[in-house]
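Colleague: Residue numbers (this note's numbering), protein chains in the order written: chain A, 552 to 826; chain B, 3 to 470.
Quick one: structure below, then a few questions.
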Ligand SMILES: Cc1cc2nc3c(=O)[nH]c(=O)nc-3n(C[C@H](O)[C@H](O)[C@H](O)COP(=O)(O)OP(=O)(O)OC[C@H]3O[C@@H](n4cnc5c(N)ncnc54)[C@H](O)[C@@H]3O)c2cc1C
Ligand SMILES: Cc1cc2nc3c(=O)[nH]c(=O)nc-3n(C[C@H](O)[C@H](O)[C@H](O)COP(=O)(O)OP(=O)(O)OC[C@H]3O[C@@H](n4cnc5c(N)ncnc54)[C@H](O)[C@@H]3O)c2cc1C
Ligand code: SF4
Ligand code: SF4
Ligand code: FES
């Protein structure tokens, strides 16, 4: 069950896994996510599905090693099995004919964005893609995304490749009439994108990543405020209208366990998996 | 029946951990009877002709028969009698609200000293666990009848229905959304009231009857109920409980440091946050904790908060102690351990610091007015009584409602305004053919034993239906 068939290192601390999970693969649509638990003592944590192959029965996950759970997952090898993989969870992204679609992906989220962009491209949308990373070495899925995009841009925070920062996106908006913008990535980026598109009145869907526990609507840990209403991101989302999201609340809720996360990482460094 | 016995009104008390000790650990609070104590208590049963006790039990356990077996020291027989009606004795003996069920209707209850039926049950279950060699010999496996049943949810309703159907020869698969088996018994009720090893032992018994349990299967996502029915299952029993938390809906409720009781208890019990960082899931508990609500869930959350190191834990409840729905025993346990009750008090808003973390709650005092629809006196706000209380953790424990995943992905389910599935109580039938429902999903949050009763009735009706 849940055997890792393919493992690749895409960039420093960014890994790709293809996992054998045929029942999940059969139901996966772009925008779905899974929850993993990798050991008896492990926490439940979500990763967005970056692709599904129904003939192989696999789902693709691409993740950043940021703390204890993702670092430990990064140590798994081809052939290893993952204890729990739950999914597909959440609502899929809305895939429809929007005309010109702007797809923006930050960091590891370029991979699940590729899954979304491919679907939009396949049904005839004109896909304009922007992917960004802190530095050029951390860019992933460039070729894959370019091949499903009608227009393709790169942005880095330090300008080491492509555009510096995201301000150039305004030019894209000035030059094209965009029917829909879709953004996946770190919260700060989602917020920035939403602020850029807002004056243009372009509906902008963002995939939010609040902390989650069960991810089936039973705890409320993932609650976010959208348009003044409380929503559970795991069942009502994770895709929401970026112009309606209360970003400050999301950011502060996501910081709840910062010190504990550091403790967990330190504990892991000293003692390893411990079981 | 024995000749008329002299009535003894001295219930044998159950030993417990001292409050000052137990409020710092997650070990079980009640320690259970010794054999002598169990026999002494069993001896008090007067073996009535007209049985009060059995009427009060939703699954009709043969109470006097198993008590007589305990009295005679024939524990394997006591286990056998019990399990013929109830597959989960170690669970029921611990968490059944006996005082409103079998013990309330026991004929000695009128005299104020009903037989401690729950404690005896618990004794019998624990005896069985300690004596696996003497445990009930596996009866021959029933002859498979070739019919397949899908049960959704591994809580008490699902487990009971699955066990009964397996005993009748059905091939039963339970689909469970979480990574653990047992429903609320695993994620909600704390270790110190319901040890998880005991839950797992009783689930293993259900498995030993031939039931398959598939974990990590969220029905409605990985497969819908209709897909199960189309893929070879002859019938489905829906028992997904009522796990979606309710909130107060007051300003500031999404501040960091505010947890639904479900999140707080899930992190603690299912994910074992009390063992962080050995276990990975963290839980931040401040020095001053406020729990809102007056039910069992509020008691559990407040007692967990104490054990997780909080210095002051408050239960804030808008009515008076008389209306409090929590079991008396749990209320007493909480008070003994140091939980502070603030009655006739209600919150109006939460106040956060610059980082978006809760730092205080505004409360106001209430008084009781005329009785409302529930028959309880309606609490009304005392004007001008607002005051601020500093807290660093807040836990709304206001109850739960059914999770909408199944109703929203299954065609043609008649759903009530409370989100429960409209269900015929006696049979578990619903608005759709070949689908039955029971437990909290049908009734809203209730009890373990009522969920088990529903599982049993549905199993009987499914069997009757499929045999035509
Ligand atoms: C719906 C959803 C989909 C996601 N998809 C992906 C994905 O495809 N690939 C991927 O790499 N990550 C994804 N994430 C984030 C991922 O779940 C977290 O990175 C992971 O839980 C961190 O666990 P950890 O123990 O390794 O790190 P922790 O020790 O928990 O955290 C280390 C650092 O990461 C930050 N962090 C923790 N949780 C999150 C989070 N939920 N989102 C963003 N940052 C977080 C912390 O603030 C901290 O700075 C997703 C999150 C959600 C909610
Ligand atoms: C904190 C707390 C304390 C309590 N204390 C007591 C007590 O002392 N005594 C007492 O009698 N009662 C108590 N109760 C109530 C009691 O636990 C419930 O009434 C009982 O567990 C209901 O049983 P159930 O089988 O209907 O559902 P649950 O026990 O809720 O089990 C439902 C199961 O279905 C799973 N599920 C949900 N959706 C899906 C899906 N889509 N696909 C697959 N699986 C799914 C859930 O993960 C869960 O495991 C308490 C409840 C709580 C929350
Ligand atoms: S199952 Fe519950 S109600 Fe029935 S006899 Fe046991 S404790 Fe009493
Ligand atoms: S009613 Fe009470 S005393 Fe009478 S048989 Fe039942 S348990 Fe014994
Ligand atoms: S993660 Fe628990 S409700 Fe969304």
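All residues carry an ideal CB built from backbone N, CA and C; glycine is no exception.
#1: Mapping the DSSP letters down to three states, classify residue 3 (chain B) as helix, strand or coil.
#2: Roughly how many angstroms lie between the CA atoms of residue 430 (chain B) and residue 375 (chain B), to the nearest whole one?
#3: What would DSSP say about residue 825 (chain A), mapped onto helix, strand or coil?
#4: Can you have a look at residue 133 (chain B) and say buried or exposed, based on whether 16 or more other CB atoms are within 10 angstroms of its CB?
#5: Can a CB atom of chain A be found closer than 8 Å to the CB of residue 220 (chain B)?
#6: Report the residue from A:688, A:807, A:597 whose alpha carbon sits nearest the alpha carbon of residue 707 (chain A).
#7: Please look up how many angstroms separate the CB atoms of residue 399 (chain B) and residue 300 (chain B), rounded, as I've assumed it's under 8 Å.
#8: For residue 194 (chain B), is the beta carbon positioned less than 7 Å from some heavy atom of ligand 1?
#9: Give me whichever residues DSSP pairs with residue 54 (chain B) in a beta bridge.
#10: Any idea what DSSP makes of residue 39 (chain B), helix, strand or coil?
#11: Any C-beta of chain A within less than 9 Å: which residues of the region 156-187 of chain B qualify?
#12: For residue 355 (chain B) and residue 257 (chain B), what's the separation of their Cα atoms in angstroms?
#13: Do residue 638 (chain A) and residue 282 (chain B) come within 8 Å of each other at the CB atom, strictly closer than that value?
#14: Roughly how far, in whole angstroms, is the beta-carbon of residue 659 (chain A) from the beta-carbon of residue 691 (chain A), given that I think they are within contact range, below 8 Å?
#15: In terms of residue numbering, what span does the beta strand (DSSP E) encompassing residue 366 (chain B) cover?
#16: For my contact list, residue 734 (chain A) and residue 793 (chain A) are in at a C-beta cut-off of 8 Å; report their separation, rounded to the angstrom.
#17: Buried or exposed for residue 428 (chain B), going by 16 or more other Cβ atoms inside 10 Å?
#18: Using a Cβ cut-off of 7 Å, which residues of the region 563-577 of chain A contact any Cβ in chain B, in chain order?
#19: Taking beta-carbon pairs under 9 Å, can you tell me which members of the region 773-791 of chain A lie near chain B?
#20: Sort out for me which residues DSSP pairs residue 571 (chain A) with in a bridge.
#21: Hey, could you find the ends of the alpha helix (DSSP H) residue 219 (chain B) is sitting in?
#22: Have a look at residue 402 (chain B) and residue 468 (chain B) and give me their C-alpha separation to the nearest angstrom.
#23: Give the straight-line distance between the Cα atoms of residue 686 (chain A) and residue 214 (chain B), rounded to the nearest whole angstrom.
#24: Do residue 84 (chain B) and residue 38 (chain B) have their C-beta atoms within less than 8 Å of each other?
#25: Would you mind telling me which residues of chain B sit closer than 9 Å to residue 751 (chain A), beta carbon to beta carbon, in chain order?
#26: Of all the CB atoms in chain B, is at least one closer than 8 Å to the CB of residue 661 (chain A)?
#27: Just verifying my parser: in three-state terms, what is the DSSP assignment at residue 652 (chain A)?
#28: For residue 284 (chain B), would you say it is in contact with chain A, using Cβ-to-Cβ distances shorter than 8 Å as the test?
#29: Is any heavy atom of ligand 4 found at a distance shorter than 7 Å from the C-beta of residue 114 (chain B)?
#30: Taking the C-alpha atoms as reference points, what is the distance between residue 607 (chain A) and residue 578 (chain A)?
#31: Can you give me the Cβ contacts of residue 338 (chain B) inside the same chain, cut-off strictly under 8 Å, excluding the 5 residues immediately before and after it?
#32: Determine whether the Cβ of residue 607 (chain A) lies closer than 8 Å to any Cβ atom of chain B.
#33: Determine the chain B residues that contact residue 588 (chain A) at a beta-carbon separation under 8 Å, and present them in chain order.
#34: Should residue 780 (chain A) be counted as a contact of ligand 4 given a C-beta to heavy atom distance under 7 Å?
#35: Would you kindly work out how many angstroms separate the C-alpha atoms of residue 4 (chain B) and residue 101 (chain B), rounded to a whole number?
#36: Nearest chain A C-beta to residue 3 (chain B) closer than 8 Å, yes or no?
Modeller: For this structure:
#1: Taking the second chain and counting its residues from 1, the one referred to as residue 3 (chain B) is at position 1. Note that residue 3 (chain B) scores a pLDDT of 47, beneath 50, so its modelled location is shaky; the value from the coordinates is reported in the next line. In this structure, residue 3 (chain B) counts as coil in the three-state DSSP scheme.
#2: Taking the second chain and counting its residues from 1, the one referred to as residue 430 (chain B) is at position 428. Taking the second chain and counting its residues from 1, the one referred to as residue 375 (chain B) is at position 373. Taking the straight line from one Cα to the other gives about 27 Å.
#3: The sequence position of residue 825 (chain A) within the first chain is 274, counting from 1. The pLDDT assigned to residue 825 (chain A) is 48, lower than 50, so where the model puts this residue is not dependable; a value taken from the coordinates is nonetheless given after this. In this structure, residue 825 (chain A) counts as coil in the three-state DSSP scheme.
#4: Here residue 133 (chain B) refers to the residue found at position 131 of the second chain. Residue environment: residue 133 (chain B) is assigned as exposed (fewer than 16 neighbouring CB atoms within 10 Å of its CB, all protein chains considered).
#5: Within the second chain, numbered from 1, the residue matching residue 220 (chain B) stands at position 218. At least one chain A Cβ lies under 8 Å of residue 220 (chain B).
#6: Residue numbering aside, residue 707 (chain A) sits at position 156 when the first chain is read from its first letter. Considering only alpha carbons, the answer is A:688.
#7: In the second chain, the residue the question calls residue 399 (chain B) occupies position 397. In the second chain, the residue the question calls residue 300 (chain B) occupies position 298. Their Cβ separation, rounded to whole angstroms, is 4 Å, which keeps residue 399 (chain B) and residue 300 (chain B) in contact under 8 Å.
#8: Here residue 194 (chain B) corresponds to residue number 192 of the second chain, with the count starting at 1. Result no, Cβ not under 7 Å from ligand 1.
#9: The sequence position of residue 54 (chain B) within the second chain is 52, counting from 1. Its beta-bridge partners do not exist; DSSP assigns none.
#10: Taking the first residue of the second chain as position 1, residue 39 (chain B) is located at position 37. Looking at residue 39 (chain B) - three-state DSSP - the assignment turns out to be helix.
#11: Against chain A - using a Cβ distance shorter than 9 Å - the residues of the region 156-187 of chain B are 179, 180, 181.
#12: In the second chain, counting from the first residue as 1, residue 355 (chain B) sits at position 353. In the second chain, counting from the first residue as 1, residue 257 (chain B) sits at position 255. C-alpha separation (whole angstroms): 9 Å.
#13: As a position in the second chain, residue 282 (chain B) is number 280, starting the count at 1. As a position in the first chain, residue 638 (chain A) is number 87, starting the count at 1. Cβ distance not < 8 Å, so residue 282 (chain B) and residue 638 (chain A) don't count as in contact.
#14: In the first chain, counting from the first residue as 1, residue 659 (chain A) sits at position 108. In the first chain, counting from the first residue as 1, residue 691 (chain A) sits at position 140. Contact flag correct, Cβ pair sits at about 7 Å.
#15: Against the second chain, residue 366 (chain B) aligns to sequence position 364. Looking at the DSSP string, the run of the beta strand (DSSP E) that includes residue 366 (chain B) is 360-373.
#16: Taking the first chain and counting its residues from 1, the one referred to as residue 734 (chain A) is at position 183. Taking the first chain and counting its residues from 1, the one referred to as residue 793 (chain A) is at position 242. Residue 734 (chain A) to residue 793 (chain A), Cβ: 7 Å. Contact.
#17: Here residue 428 (chain B) refers to the residue found at position 426 of the second chain. So residue 428 (chain B) counts as exposed.
#18: Sequence-ordered contacts of the region 563-577 of chain A with chain B read 574, 575 [C-beta pairs closer than 7 Å].
#19: Flagged, chain order: 774, 775, 776, 781, 783, 786.
#20: Counting from 1 along the first chain, the entry for residue 571 (chain A) is found at position 20. DSSP lists A:609 as partners of residue 571 (chain A).
#21: Within the second chain, the letter at position 217 stands for residue 219 (chain B). If you look at residue 219 (chain B), you'll find it isn't in any alpha helix (DSSP H); DSSP assigns it neither H nor E.
#22: Your numbering for residue 402 (chain B) matches position 400 in the second chain. Your numbering for residue 468 (chain B) matches position 466 in the second chain. The straight-line gap from Cα to Cα measures roughly 33 Å.
#23: Along the first chain, one-based indexing puts residue 686 (chain A) at 135. Along the second chain, one-based indexing puts residue 214 (chain B) at 212. Near 50 Å, if we compare the C-alpha coordinates of residue 214 (chain B) and residue 686 (chain A).
#24: Residue mapping note: residue 84 (chain B) aligns to position 82 of the second chain, counting from 1. Residue mapping note: residue 38 (chain B) aligns to position 36 of the second chain, counting from 1. No, these two residues do not count as a Cβ contact at 8 Å.
#25: Taking the first chain and counting its residues from 1, one reaches residue 751 (chain A) at position 200. None at all; the shortest Cβ gap to chain B is about 29 Å.
#26: One-based indexing of the first chain puts residue 661 (chain A) at position 110. No, residue 661 (chain A) does not count as interfacial toward chain B.
#27: Within the first chain, residue 652 (chain A) is the residue found at index 101, counting from 1. Looking at residue 652 (chain A) - three-state DSSP - the assignment turns out to be strand.
#28: What you label residue 284 (chain B) is simply residue 282 of the second chain in a count that begins at 1. Taking Cβ atoms only, chain A reaches closer than 8 Å to residue 284 (chain B), which makes this a yes.
#29: Position 112 of the second chain, counted from the start, is the residue given in the question as residue 114 (chain B). For residue 114 (chain B), the Cβ stays outside the 7 Å cut-off from all heavy atoms of ligand 4.
#30: Position 56 of the first chain, counting from 1, holds the residue named residue 607 (chain A). Position 27 of the first chain, counting from 1, holds the residue named residue 578 (chain A). Spanning the two alpha carbons is a distance of roughly 13 Å.
#31: Residue mapping note: residue 338 (chain B) aligns to position 336 of the second chain, counting from 1. Same-chain partners within the cutoff: 21.
#32: Working through the first chain from its first residue, we reach residue 607 (chain A) at position 56. Not a single CB atom of chain B sits nearer than 8 Å to the CB of residue 607 (chain A).
#33: What you label residue 588 (chain A) is simply residue 37 of the first chain in a count that begins at 1. Residues of chain B passing the Cβ test: 181.
#34: The residue you call residue 780 (chain A) lines up with position 229 of the first chain. Residue 780 (chain A) Cβ: outside cutoff for every heavy atom of ligand 4.
#35: Translated into positions along the second chain, residue 4 (chain B) becomes position 2. Translated into positions along the second chain, residue 101 (chain B) becomes position 99. With a pLDDT of 47 at residue 4 (chain B), under the threshold of 50, the modelled position of this residue cannot be trusted, and the question is left open.
#36: By 1-based counting over the second chain, the position of residue 3 (chain B) is 1. For residue 3 (chain B), the predicted structure reports a pLDDT of 47, less than 50, and the residue's modelled location is therefore unreliable. A value from the coordinates is still provided. So no, residue 3 (chain B) is outside the interface.
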